[in-house]
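First the structure, in the form of structure tokens, and then the observations on it.
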Amino acid sequence: MDFTYSIWILLLPLISFLVIGLPEFVNKKYSWSHKTAGLIGTCSLGLVTALSYYTAFQYFTADRLADGTFATFVPYNVTWLPLGHLHFDLGVLLDPISVMMLIVISTVSLMVHIYSFGYMHGEKGFQRYYAFLSLFTMSMLGLVLATNIFQMYMFWELVGVSSYLLIGFYYTLHAAVHASKKAFIVTRFADMFFLIGILIFGYYTGSYNFSFAGHVEYLNGAAAFTTADSARALAAGGMILPTALVLMFIGGAGKSAMFPLHIWLPDAMEGPTPVSALIHAATMVVAGVFQIARLFPVWIEYAPQALEVVVIVGAFTAFYAAAVACAQSDIKRVLAFSTISQIAFMMVALGVCLPGHHGAALDNHAQLGYMASMFHLFTHAMFKACLFLGAGCIIHAVHSNEMSAMGGLRKYMPITHITFLISCLAIAGIPFFSGFSSKDEIITACFEYSPLCGWWMTGVAAMTAFYMFRLYYGIFWGTENKELHAHHTPHEAPATMTFPLVFLSIVTVGVGVVTTLGGFCDWSWASFGSIVSAAGTAYTVHFDPQVAATSTVIAILSILLATYIYKGEKQPIADKLYATFPRLHRWAYKRFYMDEVYQFVTHKILFRYVSRPVQWIDEKIINGLIDFTAWGANEAGETIRPWQSGDVRQYAVWFITGTVALTLLLLCL
0 MDFTYSIWIL LLPLISFLVI GLPEFVNKKY SWSHKTAGLI GTCSLGLVTA
50 LSYYTAFQYF TADRLADGTF ATFVPYNVTW LPLGHLHFDL GVLLDPISVM
100 MLIVISTVSL MVHIYSFGYM HGEKGFQRYY AFLSLFTMSM LGLVLATNIF
150 QMYMFWELVG VSSYLLIGFY YTLHAAVHAS KKAFIVTRFA DMFFLIGILI
200 FGYYTGSYNF SFAGHVEYLN GAAAFTTADS ARALAAGGMI LPTALVLMFI
250 GGAGKSAMFP LHIWLPDAME GPTPVSALIH AATMVVAGVF QIARLFPVWI
300 EYAPQALEVV VIVGAFTAFY AAAVACAQSD IKRVLAFSTI SQIAFMMVAL
350 GVCLPGHHGA ALDNHAQLGY MASMFHLFTH AMFKACLFLG AGCIIHAVHS
400 NEMSAMGGLR KYMPITHITF LISCLAIAGI PFFSGFSSKD EIITACFEYS
450 PLCGWWMTGV AAMTAFYMFR LYYGIFWGTE NKELHAHHTP HEAPATMTFP
500 LVFLSIVTVG VGVVTTLGGF CDWSWASFGS IVSAAGTAYT VHFDPQVAAT
550 STVIAILSIL LATYIYKGEK QPIADKLYAT FPRLHRWAYK RFYMDEVYQF
600 VTHKILFRYV SRPVQWIDEK IINGLIDFTA WGANEAGETI RPWQSGDVRQ
650 YAVWFITGTV ALTLLLLCL
């Protein structure tokens, strides 16, 4: 099978970045026009999307191997940096999760490119914006196609750089600059642990491969991977590999905004709204989930108990973010904390994977959470992108992020209203919408792991339905701000902005209908597990009727509660709750003061008791020693300078004096 064309999936956005960006950065008078720059970027992503879909079709329709799994293809792999028995490779790896991620990234990125034509129209730096979008997309594509952990880390850092550039796009605004620096610093801190974990992993296994076994088919003369030293890996498996994997998870937790490294993501809203859709739906925040999924065979074989760390962090983060989302008034911040909570669902799903039946390392039923996590990553990307792009249309119409400036917008923005409602129903977990199928499987996996974990995540799912419909009613129903709307009548967004909403909502409904019916009717072809599963073999999803019914009833009750409180033009119950629990509301609104905690720790403790003493040592001792050395050399020079006067008579006197002194010394000896 020929996948040699797949390298263009990486090269096209890179070429687009260079073509759009170089004229802008070298000499602005040679910059492309807004329309041309947008067309270059969008057409490039259109080709990438076409290649990604073709790759997926060719890959998933190919014959499976004798053991029922899909083959892993490596169309390109070159040795970039040889280091003895280790070497750093660069290449392209195609397997079920990387091909699935190609669909997710290319689809959402293309919709964002199209949407940005309308949203960013007339913005200063339009060309720079499209150049950065191409760089961001290329970075994430490189991350998911990486053939080894080291290559993943390289593109991982490129994703961080790209996010810094896009979050700080409005660099003339202090808030945007602050947010971009915050995102960069927090994720770099987490990435330090990722790098340490990679180095430990490479040293003790003798390889940077994602797993130590499996069928790999090299194409186009690609170089083979370095074979891991399995004996050393087994010897180190008791402590070293779990330690390395947990350190790498910290890096993933930073990228995916898990508590307490979540603080950068809400502030990342300072970037353009389409960027928020790209970061939250298909790129940066899912990188941590993908990292664990990619290394899952190593986790399950050498560190299954360490997955409890993933469960605990994910479960707490999901609840924390949902609680904060219930009190936010900025619609983008509600969606930001929603993303944190949903990513935490994916993390928990990976963490609750159980040891296989009958001693099998990977059993599909036991590893239900793996499939559910990847499925939720796919479905969440579509409806969350639709929600963020819908929020952009709303902000474009009312020129504000605050719900107080909205209300009653359903009659002004019918397309945005319907697509936003579809996405809210999906994330709430209502049957026949895509979020139901994926979230139900996560909750089922959680119940198999632990009843406590199952009910905890069910409660978080109920909170999700509540705060999303609080958001929905606050925007499209509730009290209309007639005074503001009289000065600026809201209107539907242009076609370039509404088309992506319609497309993504159709995907959300289509996937939801097919997978919901497939789960209840045992349609193997309609099961996400038929293409992506823990063991790689086909796995037909069977809904647990009790879990499905319970989660559906709870979601509907949560929606009804939100409807009862927030649908009317006045919200007396919400006002009463606020008056009764003002401190609780304030704490949730202020994100439980996590930013203030970080400010206190950094400024009052680290800066005062660590940075200042280090600064004093640097200035007074280290610089003092260097200055003393310079002073001593200068004084020595000044002292011996008269000896080099250029006066021959003086030189003669010194010569004769020295000769006499040396002669007398020799005579005395």
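Residue numbers (numbering that gives the first Met the number 0): 0 to 668. Ideal Cβ positions, reconstructed from N, Cα and C, are used throughout, including at glycine.
Of the residues the options, the one placed nearest residue i, counting alpha carbons only
i: G313; options: S399, F248, M402; result: F248
i: I393; options: F468, G428, A492; result: A492
i: R590; options: N622, W454, I339; result: I339
i: L80; options: D543, F149, Y608, Y52; result: F149
i: L240; options: G287, D190, V297; result: V297
i: A348; options: M139, Q341, G250, Y369; result: Y369
i: T515; options: F542, L503, K481; result: F542
i: Y75; options: R63, L334, T146, R640; result: T146
i: M257; options: S337, C325, Q304; result: S337
i: A343; options: G253, T549, F168; result: G253
i: L424; options: K603, L559, S210, A189; result: L559
i: V103; options: C667, H375, A174; result: H375
i: E269; options: T282, N400, Q57; result: N400
i: Y472; options: G567, M462, A390, G535; result: G567
i: L46; options: K575, L21, W7; result: W7
i: D439; options: L244, L89, A547; result: A547
i: I166; options: F387, E216, K180, W155; result: K180
i: Y592; options: L21, V613, A320; result: A320
i: F87; options: M139, K34, F183, N208; result: N208
i: K383; options: V501, Y53, A276, V18; result: A276
Between the CA atoms of residue j and residue i - distance to the nearest angstrom
i: S105; j: C385; result: 15 Å
i: A460; j: I429; result: 11 Å
i: G645; j: V652; result: 13 Å
i: A396; j: T242; result: 50 Å
i: F527; j: F131; result: 33 Å
i: G201; j: I195; result: 10 Å
i: S504; j: V91; result: 31 Å
i: H357; j: P544; result: For H357, the pLDDT reaches just 38, beneath the cut-off of 50, and the residue's location in the model is therefore unreliable, although a value from the coordinates is still provided. Their Cα atoms are separated by approximately 26 Å.
i: L661; j: K619; result: 45 Å
i: P581; j: S328; result: 15 Å
i: G636; j: T628; result: 12 Å
i: F519; j: V600; result: 51 Å
i: Y169; j: Y128; result: 10 Å
i: I262; j: H173; result: 18 Å
i: Q649; j: I639; result: 14 Å
i: L334; j: L82; result: 45 Å
i: F16; j: I113; result: 16 Å
i: P259; j: H484; result: 40 Å
i: L119; j: N219; result: Residue identity differs from the one stated: residue 119 is Met in this sequence, not Leu. Answer to the nearest angstrom: the Cα atoms are 42 Å apart.
i: L164; j: T171; result: 13 Å
i: T549; j: Y466; result: 19 Å
i: G355; j: F183; result: Reliability of the predicted coordinates at G355 is poor, the pLDDT of 49 falling under 50, and the value obtained from them is presented with this limitation in mind. Near 39 Å, if we compare the C-alpha coordinates of F183 and G355.
i: N622; j: Q598; result: 30 Å
i: V508; j: T415; result: 15 Å
Buried or exposed (CB count within 10 angstroms, at least 16 for buried), residue i
i: A359; result: In this prediction, A359 scores a pLDDT of 44, lower than 50, which makes its location untrustworthy; the coordinate-derived value is nonetheless stated afterwards. Classification of A359: exposed, given that the 10 Å Cβ count is below 16.
i: W615; result: exposed
i: G40; result: buried
i: S436; result: buried
i: M137; result: buried
i: W524; result: exposed
i: K331; result: buried
i: L367; result: buried
i: E447; result: buried
i: P571; result: exposed
i: V609; result: exposed
i: G406; result: buried
i: C42; result: exposed
i: F606; result: exposed
i: M191; result: exposed
Distance between beta carbons of residue j and residue i, contact taken as under 8 Å
i: G141; j: L9; result: 6 Å
i: A55; j: L13; result: That belief does not hold up - the Cβ atoms of A55 and L13 are roughly 21 Å apart, past 8 Å.
i: I426; j: G434; result: 5 Å
i: L134; j: S161; result: 5 Å
i: M346; j: V309; result: 6 Å
i: A444; j: V351; result: 5 Å
CB contact check: residue i to chain C, cutoff 7 Å
i: T186; result: The structure shown contains no chain C; it is built from a single protein chain.
Using 8 Å as the threshold, is the region 477–497 in touch with the region 444–462, meaning 3 or more CB pairs across them? Verdict: no, contact absent.
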